[in-house]
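Worksheet: one structure, shown below.
Residue numbers (the working numbering): 1 to 427.
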């Protein structure tokens, strides 16, 4: 069987606090999105989602993209980039227009969107997204396509995401410094939601908690759109730092111990299981030397490790609970989806379910074919979502030209056009 023909290349770059990853996908003539190549490097210049060292970040981006290009066997120029910094703010702007019971025409929709575009108040920030999510008829009935329907009142809900300008400019410069064109910078929670949440979940209401390395983003979906967003300046790397500090070991070893032996749930056997650790000045423990306050002879119990992990997780989940309460998230019939690199820890779904008092599942990326097994976990949900976002090419009011306004300003008044259409219809 012949391989499907690739019609369009889509490249996504996720620049996080722990890793920089890239994905090259191809949209085939069958409409499928297939992964052609991936790349990954350690993130050496990002702290809490913000660029802290531009040269090191630029180098990491360049190396990551080159690796993905070698695997895919192609060169790319245009990319979609994620932004997960804590300066993101989400809001919903509602705009309505009196229709007088007439039929909705395309100029009516264009005028409504233009009015909504002009009504967005960034308050000194940069508009990262301004997307119409839901139209309403007579203020009550939600519709996806109001064109051709009769209405007394036509409205639209516009989802707006704002961010501070300086961090976005730094991110843009780092990517362009790697000789790449930035199609768009996408808020990480929006991309992650596309990859992990079903349309039904977004419609019924769900909370998405992305535990990244330096930032935990809590986003709330309802009615099919993102309605709330809160960032917590803690993440999985803080757990690694806690382990390194508690047992007097290197961060690299603390990360390995966390991945291989770490868990969010205590087990009675953990008090008997011993883990060998090395002091910070060598790869092998010095005989008879304590490796930390909870270590003895270069060994620690797994129970001590889990205790350190749970202490930080408890802090994170307390913040998550407060964020959900502040956004009005009702626990009845609502679900929490955990994703991000921190969601790969053993037992974290059960821990979060007990800590949050809500049903919890782990969100993994979906919607792409030929996904490598190494990139199929929750740590790569944002990367996959970026590719899906680029393939969907969503409507954004930031790029909408003011042509509809110009047409109406030069032509006859809108009410006169309606009357003439009515006369032609009736006579």
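Positions of the beta carbon are idealized from the N, C-alpha and C atoms, including for glycine.
Endpoints, the beta strand (DSSP E) within which residue 82 is located: 78-83
field: residue 55, buried or exposed, once every other Cβ within 10 Å from all chains shown has been counted against 16
entry: exposed
DSSP-derived helix/strand/coil call for residue 258: helix
- prompt: Which value, in whole angstroms, describes the spacing of the CA atoms of residue 429 and residue 23?
  reply: Past the boundaries of the shown model lies residue 429; the chain is included only from 1 to 427, so the question cannot be answered.
Reduced DSSP secondary structure (H/G/I, E/B, other) of residue 406: With a pLDDT of only 32 at residue 406, under 50, the local geometry of the prediction cannot be trusted, and no value is derived from it.
- prompt: So who's on the other strand from residue 40, going by DSSP bridges?
  reply: 21
field: Touching by the beta-carbon criterion (3+ pairs, under 8 Å), the segment 257-265 and the segment 302-314
entry: Output reads yes: the segment 302-314 touches the segment 257-265.
- prompt: Which first and last residues belong to the alpha helix (DSSP H) in which residue 314 is found?
  reply: For residue 314, the enclosing alpha helix (DSSP H) begins and ends at 302-326.
field: Member of 111, 135 and 277 whose CA lies at the smallest distance from the CA of residue 246
entry: 277
- prompt: So residue 96 is in the beta strand (DSSP E); what residue range does that whole segment cover?
  reply: 89-98
message: Quick check on this structure: which residue in 226, 174 and 205 has the alpha carbon closest to the alpha carbon of residue 63?
response: 174
- prompt: Within 10 angstroms of its Cβ, does residue 147 collect 16 or more other Cβ (buried), or is it exposed?
  reply: By the 10 Å Cβ count, residue 147 comes out exposed.
- prompt: Three or more beta-carbon pairs under 8 Å between the segment 84-91 and the segment 46-55, yes or no?
  reply: yes
query: Identify the residues that DSSP records as bridge partners of residue 159: which are they?
result: 92 and 131
- request: Let me know if residue 358 comes out buried or exposed under the rule of 16 or more other beta-carbons within 10 Å of its beta-carbon.
  value: buried
message: Here's a check: name, in chain order, each residue in its chain whose Cβ is nearer than 8 Å to the Cβ of residue 120, leaving out the five neighbours to either side.
response: 93, 127, 130, 158, 160 and 397
query: CB-CB under 6 Å to residue 8, same chain, minus the five flanking residues each way: which ones, in chain order?
result: 27
task: Report back the beta-carbon spacing between residue 387 and residue 12 to the nearest angstrom; my notes put them in contact at under 8 Å.
output: Correct: roughly 5 Å between the Cβ atoms.
task: If I'm right that residue 393 touches residue 356 with Cβ under 8 Å, what's the distance once you round it to whole angstroms?
output: Contact doesn't hold; Cβ gap of about 35 Å is too wide.
field: DSSP-derived helix/strand/coil call for residue 395
entry: coil
query: Would residue 152 be called buried (16 or more neighbouring beta carbons within 10 Å of its own) or exposed?
result: exposed
task: Helix, strand or coil for residue 231, going by three-state DSSP, please let me know.
output: Three-state result, residue 231: strand.
query: Opposite residue 50 in the DSSP bridges: which residues?
result: Residue 50 pairs with 47.
- prompt: Is it buried or exposed for residue 255, if we count other Cβ within 10 angstroms and need 16 for buried?
  reply: buried
field: Where residue 105 falls: helix, strand or coil (DSSP)
entry: coil
query: By how many angstroms is the C-alpha of residue 362 removed from the C-alpha of residue 206?
result: 13 Å
Extent of the continuous alpha helix (DSSP H) run through residue 74: It is not in any alpha helix (DSSP H) - residue 74 carries neither H nor E in the DSSP assignment.
task: Output the distance between the C-alpha atoms of residue 343 and residue 166, rounded to the nearest integer angstrom.
output: 30 Å
- request: Name the one or two DSSP bridge partners that residue 117 has.
  value: According to DSSP, residue 117 bridges with nothing at all.
field: Unbroken alpha helix (DSSP H) run spanning residue 237, endpoints
entry: 236-247
- request: Determine which residues share a DSSP beta bridge with residue 221 and list them.
  value: 206 and 226
task: Report all residues from its chain with a CB closer than 8 Å to the CB of residue 33; omit the five preceding and five following residues, and keep chain order.
output: Only 10, 25, 26, 27, 367, 368, 369, 387, 388 and 391 meet the Cβ criterion.
Residue from 383, 138, 73 and 78 with nearest C-alpha to residue 95: 138
query: Between residue 124 and residue 184, what straight-line distance do the alpha-carbon atoms span, to the nearest angstrom?
result: 20 Å
message: Looking only at its chain, what residues have a beta carbon closer than 6 Å to the beta carbon of residue 1, apart from the 5 residues adjacent to it on each side?
response: Bear in mind that a pLDDT of 39 at residue 1, under 50, signals an unreliable position, so the model cannot answer this.
query: Near residue 71, which residues of its chain fall below 6 Å by C-beta distance, leaving aside the five closest residues on each side in sequence?
result: 37
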